[in-house]
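Student: First, the structure itself, so that you have it in front of you.
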Amino acid sequence: MTTVTPMMKQYLNIKSQHTDALLFFRLGDFYELFYDDAVTASRVLEITLTKRDAKKDNPIPMAGVPYHSADGYIETLIQNGFKVAICEQMEDPRQVKGMVKREVVRVVTPGTLIERGGIDESQNNYIVSFIHHNNQYALSYCDVSTGELKVTHFEDQSTLINEVTTIQPNEIVVDQPLTDELKRQFSMITETVTVRESLSDSTYKVNTISHPAMTRAVQILLDYIFDTQKRDLSHIEEVVTYQALDYMKMDFYAKRNLELTESIRLKSKKGTLLWLMDKTKTPMGARRLKQWIDRPLIQRSDIEQRHDAVAQLMNHFIARDTLRSYLNEVYDIERLVGRVSFGNVHVRMNFVGC
1 MTTVTPMMKQ
11 YLNIKSQHTD
21 ALLFFRLGDF
31 YELFYDDAVT
41 ASRVLEITLT
51 KRDAKKDNPI
61 PMAGVPYHSA
71 DGYIETLIQN
81 GFKVAICEQM
91 EDPRQVKGMV
101 KREVVRVVTP
111 GTLIERGGID
121 ESQNNYIVSF
131 IHHNNQYALS
141 YCDVSTGELK
151 VTHFEDQSTL
161 INEVTTIQPN
171 EIVVDQPLTD
181 ELKRQFSMIT
191 ETVTVRESLS
201 DSTYKVNTIS
211 HPAMTRAVQI
221 LLDYIFDTQK
231 RDLSHIEEVV
241 TYQALDYMKM
251 DFYAKRNLEL
261 TESIRLKSKK
271 GTLLWLMDKT
281 KTPMGARRLK
291 QWIDRPLIQR
301 SDIEQRHDAV
311 AQLMNHFIAR
321 DTLRSYLNEV
331 YDIERLVGRV
341 SFGNVHVRMN
351 FVGC
């Protein structure tokens, strides 16, 4: 009979709370993975698979990465659709007798990645939640890296599919399993779907919404983000409501065939309408332009207001040229604020003087 060591008991207890994630278990200067997690990580990351207690009857598969270079490995796993639970040592091993206290300090998921090298600065990294309640759908989405948070509601499933297709989230959070039809539709966008069957009593960031379904959709989303990130989310903006009917309705195939933001052959920006139009100077501007192309306006007053703003810049060459030169020196303020909130800013990052 195999005897489980106290350290492995601690590992198994923590792993039982994060069964849907690969557990990065901090041991000294390494994050170690065990059992199936180790096998998966060794295959995806192309790292060596070894064994713990190799001389015993049932050796434990094991793989590890240095803690100081873990970000790159984590980003690779996220890009392959995995979640990663980061378990840290909460005490200095040199100051503790016996077992070091460990706990998960963050769960990194495809829809909550904020690290600089893990996401394209010109694109949003959205996470979406939606519910079906009293013959209505409510949908909320957030970019944790920029703080953007929006919510809407509508009556038909076709609008739901079009909204998710337009948003292009890297992760979906729902309160019940998807139907086979929705699984099929959304499989072209993301494979990361999390079911949150129970709601906490949190009213986090939903005090301004009176619509019950929209309130619930936002709450599911923000509770999930808070539970996985386990830290202050004060950089997330007040939720903004919008109407899907204010924008042109295009399904997945129409968007693909028009090559608005992604080419059919190369699956890249080059050769698309976005590629042709993008003369932006900041990552924030690049993301906003993509949003505008993904969601063409249909209300005349909104179109005229946007045209008037463009005309102001077109008719004032010197002011426009000066503004462009200033914008060329501006950092990605939205994501910089997010990284500050997460404690993820390095000393070497410089700020632009005002």
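1 is the number of the first residue of the sequence shown in the UniProt record's numbering; add one for each residue after it.
All C-beta atoms, glycine included, are put in the ideal place defined by N, C-alpha and C.
Computed from a predicted structure; not experimentally measured.
#1: Would you report the Cα separation of Leu-276 and Gln-123, rounded to the nearest angstrom?
#2: Are Ala-63 and Ala-41 closer than 7 Å when you measure CB to CB?
#3: By DSSP, does residue 382 sit in helix, in strand, or in coil?
#4: Just how far apart, CA to CA, sit Ala-309 and Arg-300?
#5: In chain order, what residues of the same chain lie with their CB nearer than 6 Å to the CB of Glu-91, ignoring the 5 residues before and after it?
#6: Inspect the beta-carbon positions of Ala-21 and Val-107 and report whether they are closer than 7 Å.
#7: In the DSSP output, what is Met-62 paired with across the bridge?
#8: Ser-140 by DSSP, collapsed to three states: which one?
#9: DSSP three-state label for Ala-244, please.
#10: Can you list, in chain order, the residues of its chain whose CB lies under 8 Å from that of Thr-3, leaving out five sequence neighbours each side?
#11: Beta carbon of Lys-279, beta carbon of Thr-261: below 7 Å?
#12: Rounded to whole angstroms, what is the Cα-Cα separation between Leu-12 and Tyr-31?
#13: I need the straight-line Cα distance from Leu-273 to Asp-246, nearest angstrom please.
#14: Could you compute how far the alpha carbon of His-18 sits from the alpha carbon of Tyr-35?
#15: Helix, strand or coil for Asp-172, going by three-state DSSP, please let me know.
#16: In chain order, what residues of the same chain lie with their CB nearer than 8 Å to the CB of Leu-313, ignoring the 5 residues before and after it?
#17: So, is Gly-72 buried or exposed, given that buried needs 16 or more other C-beta atoms within 10 angstroms?
#18: Run through the UniProt domain "DNA mismatch repair protein MutS core" (255 to 347) for me and flag every whole alpha helix (DSSP H) of 4 or more residues, listed as ranges in chain order.
#19: I'd like to confirm the pairing. Which residues does DSSP put opposite Ala-85 in its beta bridges?
Tutor: Let's see:
#1: 16 Å
#2: yes
#3: There is no way to answer for residue 382, as the model of the chain reaches only from 1 to 354.
#4: 14 Å
#5: Val-100 and Lys-101
#6: At the C-beta level, Ala-21 and Val-107 come within 7 Å of one another.
#7: Phe-34 and Thr-50
#8: Three-state DSSP puts Ser-140 in a strand.
#9: helix
#10: none
#11: no
#12: 15 Å
#13: A direct Cα-Cα distance of roughly 21 Å separates Leu-273 from Asp-246.
#14: Distance between the alpha carbons of His-18 and Tyr-35 is about 14 Å.
#15: The identity of residue 172 in the sequence shown is Ile, whereas the question assumes Asp. Residue state, collapsed to three classes: strand.
#16: Ala-319, Arg-320 and Leu-323
#17: exposed
#18: Within the UniProt domain "DNA mismatch repair protein MutS core" (255 to 347), the runs of alpha helix (DSSP H) at least 4 residues long that lie entirely inside it are, in chain order, 273 to 277, 283 to 294, 300 to 314, 317 to 327 and 333 to 341.
#19: Leu-23 and Val-107
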